[in-house]
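Here's the structure we're looking at; comments come further down.
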Amino acid sequence: MHRSSDPSATPTSGKHLVDSQVVARSWQRSQHYGLCQRDKLLFEAPLVASGKQIAERDRLLLDCAMPEMQQLHAALAPQDWVLACIDLEGVVLSSLSGRGAGTRELSQVFRIGAQLSEQNVGTTAPGCALAERESVFFVGEEHYLEEARQFSCLATPIFGLDGGIVGVLDASSRQGAPSVYTLESLVFAARAIENRLFAQLGEVLLVHLHHRLDILGTPLEGLLAFDPAGKLRCANRIAGQLLRMGEVRAGLDFAELFDMPFAHAACFRRHDLSAPLRLRSHHGGELHACITQGPPQRTAPMLAEAPRPRRSAEPLPTPHSGACLQDPALQDALARARKAFARDIPVLINGETGTGKEVFARLLHESSARAGEAFVAINCSSIPASLIESELFGHVEGAFTGSRKGGAIGKIEQAHKGTLFLDEIGDMPLELQGRLLRVLQERSLSRLGSNQLIKVDCALICATHRDLQQLSAEQGFREDLYYRINGLRVSLPALRERRDLAALIQHLLRAETTAQQPLQLSPAALQALLDYHWPGNIRQLYQCLRLAAALAEDDGEIGVQHLPDEVRAGRGEQAATVAGEGLTLAAGSTLQLAEARAIRAAVEAAGGNLSAAARSLGIARATLYRKLKGMEQG
1 MHRSSDPSAT PTSGKHLVDS QVVARSWQRS QHYGLCQRDK LLFEAPLVAS
51 GKQIAERDRL LLDCAMPEMQ QLHAALAPQD WVLACIDLEG VVLSSLSGRG
101 AGTRELSQVF RIGAQLSEQN VGTTAPGCAL AERESVFFVG EEHYLEEARQ
151 FSCLATPIFG LDGGIVGVLD ASSRQGAPSV YTLESLVFAA RAIENRLFAQ
201 LGEVLLVHLH HRLDILGTPL EGLLAFDPAG KLRCANRIAG QLLRMGEVRA
251 GLDFAELFDM PFAHAACFRR HDLSAPLRLR SHHGGELHAC ITQGPPQRTA
301 PMLAEAPRPR RSAEPLPTPH SGACLQDPAL QDALARARKA FARDIPVLIN
351 GETGTGKEVF ARLLHESSAR AGEAFVAINC SSIPASLIES ELFGHVEGAF
401 TGSRKGGAIG KIEQAHKGTL FLDEIGDMPL ELQGRLLRVL QERSLSRLGS
451 NQLIKVDCAL ICATHRDLQQ LSAEQGFRED LYYRINGLRV SLPALRERRD
501 LAALIQHLLR AETTAQQPLQ LSPAALQALL DYHWPGNIRQ LYQCLRLAAA
551 LAEDDGEIGV QHLPDEVRAG RGEQAATVAG EGLTLAAGST LQLAEARAIR
601 AAVEAAGGNL SAAARSLGIA RATLYRKLKG MEQG
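Numbering of the sequence shown is given in full-length UniProt numbering, commencing with residue 1 and proceeding in unit increments.
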């Protein structure tokens, strides 16, 4: 392949988040490596490691990265973006892609084992991020190679426990300039991966700290690990910033950092973040802190489990929020499903669109013995019937027109030793259902165009909003497959049926306003949300709160006027119904009634815990107590 230096070549653009000097330095390095802008290198980057070698060599980083990559990929437009985890030498360890035309090309670039360093492919975000040790993104002509200028790519470093860079997280697309939100989400995911690495330390005392209480338990918290003698094992970069020390050196004594004896601090250790305290640093002033016991040393398959501390009574995660699971029916369903899943019994999840079926499935996976392995999700309704067979079972090169060079591994194969989640399985074409049944029974498959049998061992979770039993009776779903996947059937309640709705609303609102001045709901607004029927379930509620938080940003409180039209209209319909029943109330009385109902709902959601209820309402405990006394007297 022809390579020549081009000393006159300069980047034609540097107007984005990347400093133009960073772009220029990367171009100069690319020229120094003897690359020519016209070289065809991007799709032919050298393969320097096999998937097996990568799994053995980089298992810890992979285990920590995959859960965060899967969540981020689901939050982005999956058809437009390819996510990749790349090691210190520029080697692709794992990647996730959609099914659009642009992502098909990028999937060829981000092949497992391909080395995408600046030496091999010139200026791209992952190679430059490794060289500069900072977040970068390149759009169009900022790339050195002409063939790369049809893409945009973002990358952010991942730092290890010793403070050194261990790799980068990359997001690439054929779309135009990415949004700041996308870059921030990528950085957030990288910080979460770094904090997951603390799980490999074994039995240490973890100190979580931040100036803001609501940041504790998120990837933006400072995190320090101390051994049983009170000596610092390691700290993340955020901890160094909070303590105003830059890099916090291993071996420091706890007493050198904080004004509390280590033995005293050890008395505060918990298994969650339920007991925050104020911890005075000798360098960074007073900070909110929680002290938890690190998990015992685990074998590799368990390393992807919770380095992320969890708050007490942590609820069911939602796509953007963390978790909220206080509804008794939901808690019971999760407990039963975990027992069945632990015995390798398939779980079938029923529920309306937006009720959190995939989130529920991820909870089962992450609390199981397979937590360190892959969680592979595929939506059977979103893939064209002509492609779903290849997606599930993979194919060899030349199996069909347009097949990938070198073939491709299927989703079932990717889930080997992990969990396969088949969403909307009721929409799977009938002709594929028989083949899926054989794979589940024989635990082996063959790729399209091949007769070679490949053994697979994966746990199975399926989900659908349809009645599969009725569909089977109507010959729309194979009866034998239905009984094979219906080991335990779980029905998720619609949002309007959940008894923890008030707590869920407050939880989602806190997640949405974490990065700004926290907003509160007025009693009338909370009641309007409680009264609405939510046909789009949690997904609709989340978007509603995002809109309300944006509109009320300058007001300090979300009122009814900040809610979407359909929610306000639903509230008006309820008021008309109440009036039609002969209940006439003055305007002041209506507000008092709304406040009383909101307070009762918050207290019920908190299980009678007045402190928790007061926090969810955004008022002092004494204020809540006074209002409750007034309601009793009234």
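Glycine included, every Cβ here is placed at the ideal spot set by N, Cα and C.
Go through its chain and collect everything with a Cβ distance to residue i's Cβ below 8 Å, but skip five positions before and after it.
| i | result |
| --- | --- |
| residue 146 | 37 and 38 |
| residue 653 | In the structure displayed, the chain extends from 1 to 634; residue 653 sits before or after that span and is not available. |
| residue 552 | 519, 558, 559 and 562 |
| residue 368 | 338, 341, 342, 419 and 459 |
| residue 599 | 523, 613, 617, 624, 627, 628 and 631 |
| residue 51 | 112 and 113 |
Within a Cβ cutoff of 6 Å, which residues of the same chain sit near residue i, ignoring the five residues on either side of it in sequence?
| i | result |
| --- | --- |
| residue 407 | 395, 396 and 397 |
| residue 197 | 64 and 161 |
| residue 73 | 83 and 96 |
| residue 140 | 149 |
| residue 49 | 91 and 113 |
Note down the Cα distance separating residue i from residue j, rounded to an integer number of angstroms.
| i | j | result |
| --- | --- | --- |
| residue 522 | residue 364 | 36 Å |
| residue 628 | residue 276 | 27 Å |
| residue 414 | residue 242 | 40 Å |
| residue 25 | residue 137 | 14 Å |
| residue 569 | residue 533 | 11 Å |
| residue 420 | residue 555 | 46 Å |
| residue 223 | residue 269 | 14 Å |
| residue 572 | residue 527 | Residue placement at residue 572 is flagged as unreliable, the pLDDT there being 46, under the threshold of 50; the coordinate-derived value follows with that caveat. Taking the straight line from one Cα to the other gives about 12 Å. |
| residue 509 | residue 362 | 22 Å |
| residue 155 | residue 127 | 9 Å |
| residue 565 | residue 182 | 28 Å |
| residue 89 | residue 477 | 48 Å |
| residue 230 | residue 163 | 20 Å |
| residue 487 | residue 71 | 27 Å |
| residue 185 | residue 497 | 32 Å |
| residue 625 | residue 505 | 22 Å |
| residue 255 | residue 344 | 48 Å |
| residue 489 | residue 332 | 13 Å |
| residue 530 | residue 56 | 51 Å |
| residue 320 | residue 326 | Unreliable positioning characterises residue 320 in this predicted model, as indicated by a pLDDT of 33, which lies under 50. The coordinate reading is nonetheless provided below. Distance between the alpha carbons of residue 320 and residue 326: 18 Å. |
| residue 448 | residue 377 | 20 Å |
Determine, using beta carbons only, whether residue i and residue j come nearer to each other than 7 Å.
| i | j | result |
| --- | --- | --- |
| residue 30 | residue 123 | yes |
| residue 560 | residue 524 | yes |
| residue 96 | residue 45 | no |
| residue 353 | residue 465 | yes |
| residue 485 | residue 392 | no |
| residue 193 | residue 64 | yes |
| residue 235 | residue 206 | no |
| residue 107 | residue 62 | no |
| residue 47 | residue 114 | yes |
| residue 22 | residue 142 | no |
| residue 214 | residue 86 | no |
| residue 432 | residue 389 | yes |
| residue 492 | residue 292 | no |
| residue 426 | residue 471 | yes |
| residue 483 | residue 468 | no |
| residue 157 | residue 195 | no |
| residue 168 | residue 199 | no |
| residue 109 | residue 41 | no |
Who are the Cβ neighbours of residue i in its own chain at under 7 Å, not counting the five residues just before and after it?
| i | result |
| --- | --- |
| residue 328 | 499 |
| residue 412 | 392, 393, 420, 439, 445, 456 and 458 |
| residue 33 | 118 and 119 |
| residue 216 | 208, 210, 273, 276, 288 and 290 |
| residue 336 | 488 |
| residue 246 | 240 |
Using CA atoms only, rank isn't needed, just tell me which of the options is closest to residue i.
| i | options | result |
| --- | --- | --- |
| residue 221 | 233, 231 and 208 | 208 |
| residue 240 | 282, 199 and 148 | 282 |
| residue 638 | 232, 181, 215 and 183 | No statement about residue 638 is possible, as the shown extent of the chain runs from 1 to 634 and does not include it. |
| residue 381 | 344, 429 and 32 | 429 |
| residue 174 | 261, 259 and 80 | 80 |
| residue 212 | 238, 199 and 132 | 238 |
| residue 253 | 245, 247, 144 and 262 | 262 |
| residue 104 | 60, 447, 610 and 43 | 43 |
| residue 59 | 544, 600, 374 and 98 | 374 |
| residue 454 | 336, 494, 410 and 474 | 410 |
| residue 462 | 346, 451, 371 and 541 | 346 |
Would you please state the rounded distance, in angstroms, between the beta carbons of residue i and residue j? I believe it to be under 8 Å.
| i | j | result |
| --- | --- | --- |
| residue 357 | residue 423 | 7 Å |
| residue 153 | residue 172 | 4 Å |
| residue 494 | residue 537 | 6 Å |
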